[in-house]
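To start, the structure under review is shown below, and the notes come after it.
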Amino acid sequence: MTGGERKAVEGAAQQVPPAAASRRAAQARSRPGPGDAGDGRTLRQRRGRRLRVGVTASAKGGRWMWWLSWLGLRLMGLRPVRLTAPLAGDVDLDAFDGFLIGGGDDIGADLYGAKPLFDVRIDEARDAMEMRVLDHALPRDVPVLGICRGAQMLNIHRGGDIHQEVREVYADVPRMWTPLPVKTVTTEPGVRLREVIGRETFRVNSLHHQAVDKLGRGLRVAARDEWGVVQAVEDPEAHFRFGVQWHPEFLLWRRPHRRLFRAFAAAVHGADPAAQRRAARNEPEPEPGPAPGG
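With full-length UniProt numbering applied, the sequence shown closes on residue 294, and no number is skipped along the way.
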């Protein structure tokens, strides 16, 4: 992500003040959570606190992505903890029950055996941190949700690569840069993402110029946009391992994206995949409130 793109994200995010979601977040904070990590007891033995989710983020900037991810996770009864590079020596990754690999700067091309084609901003320290987090989480089957850069990092960690510039490959893709739902994504037949989202097609935002190319080990394409660009990947054998190219944290006011957060929360709480899908399907109607931007 270039410096100009970063400013565009933060400026555009102000178009989406989640008023109704903020009210529900206040209600969520007043409810006791199911557990927390820390003193030798199991998470589910420590009642009255929320399970912890590590959210990887840039040390500088990206405040809207972090705040809205925090909001989405809190709404689902979880305790988000911001992880920035370099990780402190006393950070115990075993203390987390899930990881959200967040959006941010471009990933260093050396991680997937390429040479950088453009002068973009990268964060090598964050790259190393997220590789360490995934090294820890994947063998233990800890639930992982990758968002935008995070979806690309998940794919790269598994040996895949990415298009450094989508429009160099997909010439018809229009230039769109907005947190609002401006393009249609279609899920592939039989994928878990379709069950989680509850729809074959849905609208997403567009805040990226890179995307998954060659798939990493164990991953499959879960969704594409109308131009054929990969918009989601998943590991069908994992408890919960999804990467989405859009930013669902900017779209919490729309049901498909809340369902994704809800399914992630169900996985963090230890629910089996069937329970995750039931949780998504049985989501109550949201409270009436002002539309985002109003």
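The beta-carbon is built from N, C-alpha and C at its ideal position, and this holds for glycine as well.
Note that this is a predicted model, so its numbers are computed, not measured.
For this session: State the Cα-Cα distance for the pair TYR170 and LEU134, rounded to the nearest angstrom.
Result: 30 Å
For this session: Put HIS163 into one of helix, strand or coil per three-state DSSP.
Result: strand
Exercise. DSSP on GLY72, reduced to helix/strand/coil?
Worked result: helix
Problem set entry | Proximity of LEU83 and MET129 at Cβ, strictly below 8 Å | yes
Problem set entry | Rounded separation between ILE197 and ARG259 - CA only | 6 Å
For this session: Under 7 Å Cβ to Cβ from PRO76, same chain only, skipping five residues before and after it: list those, please.
Result: According to the sequence shown, residue 76 is Met rather than Pro. Excluding sequence neighbours, MET76 sits near PHE261, ARG262 and ALA265.
For this session: Closer than 6 Å by C-beta to PHE96: which residues in its own chain qualify, once you throw out the five before and the five after it? Chain order, please.
Result: ARG52 and GLY54
Exercise. Sorted by chain position, which residues of the same chain lie with C-beta nearer than 6 Å to ILE122's C-beta, five sequence neighbours on each side aside?
Worked result: ASP105, ASP106 and GLY108
For this session: State the start and end residues of the unbroken alpha helix (DSSP H) segment that holds ARG132.
Result: 124-137
Problem set entry | Same chain only: Cβ atoms within 7 Å of ALA137, ignoring 5 sequence neighbours per side | PHE99 and VAL144
Problem set entry | PRO166 versus ARG199: straight-line alpha-carbon distance, rounded | As written in the sequence, residue 166 is Val, which differs from the Pro given in the question. About 26 Å.
Problem set entry | Own chain, CB closer than 7 Å to PRO181, minus 5 neighbours either side, in chain order | ARG203, VAL204, ASN205, LEU251 and ARG254
Problem set entry | Enclosing beta strand (DSSP E) for HIS231 [first to last residue] | Position check: residue 231 holds Gln in this sequence, whereas His was assumed. It spans 230-234 - the beta strand (DSSP E) in which GLN231 sits, taken as one unbroken run.
Exercise. To the nearest whole angstrom, what separates the beta carbons of ALA238 and GLN231, a pair I think is in contact under 8 Å?
Worked result: The pair is not a contact, with the Cβ atoms about 19 Å apart (cut-off 8 Å).
For this session: Can you give me the Cβ contacts of LEU215 inside the same chain, cut-off strictly under 6 Å, excluding the 5 residues immediately before and after it?
Result: GLY160
Exercise. In angstroms, rounded to a whole number, what distance separates the CA positions of residue 308 and ARG140?
Worked result: The structure shown does not extend to residue 308, since the chain is modelled only from 1 to 294, so the question has no answer here.
Problem set entry | For ARG194, the three-state DSSP class (helix, strand or coil) | helix
Exercise. Given MET131, which residues of its chain have a CB within under 8 Å of its CB, disregarding the five upstream and five downstream residues?
Worked result: LEU111, MET153 and HIS157
For this session: Measure the Cβ-Cβ separation of LEU207 and HIS247 and say whether it is below 8 Å.
Result: yes
Problem set entry | Buried versus exposed, by CB contacts within 10 Å (16 or more), PHE118 | exposed
Exercise. Whose C-beta lies closer than 7 Å to the C-beta of VAL268 among residues of the same chain, with five residues either side of it excluded?
Worked result: LEU51, VAL53, LEU78, ASP97, GLY98 and PRO143
For this session: Measure the C-alpha to C-alpha separation of ASP172 and TRP227 and round it to an integer number of angstroms.
Result: 7 Å
Exercise. Pick from ALA151, VAL191, GLU188 and GLY218: whose alpha carbon is nearest that of ALA211?
Worked result: ALA151
For this session: Assign ARG217 to one of two classes, buried (16 or more other C-beta atoms within 10 Å of its C-beta) or exposed (fewer than that).
Result: exposed
Exercise. Anyone know if the C-beta pair for ALA57 and GLY102 falls short of 8 Å?
Worked result: yes
Exercise. Looking only at DSSP bridge pairs, what is LYS183 linked to?
Worked result: VAL204
For this session: Return the first residue and the last residue of the beta strand (DSSP E) that PHE261 is part of.
Result: Per DSSP, PHE261 belongs to no beta strand (DSSP E); it is in the alpha helix (DSSP H), 255-268.
For this session: Tell me, please, which residues DSSP counts as bridged to GLY146.
Result: ILE101 and GLY243
Exercise. Beta strand (DSSP E) containing PRO116: first to last residue?
Worked result: Premise fails: PRO116 is in no beta strand (DSSP E) and is neither H nor E.
Exercise. Looking only at C-alpha atoms, which of THR201, LYS183 and ARG241 sits nearest to PRO189?
Worked result: THR201
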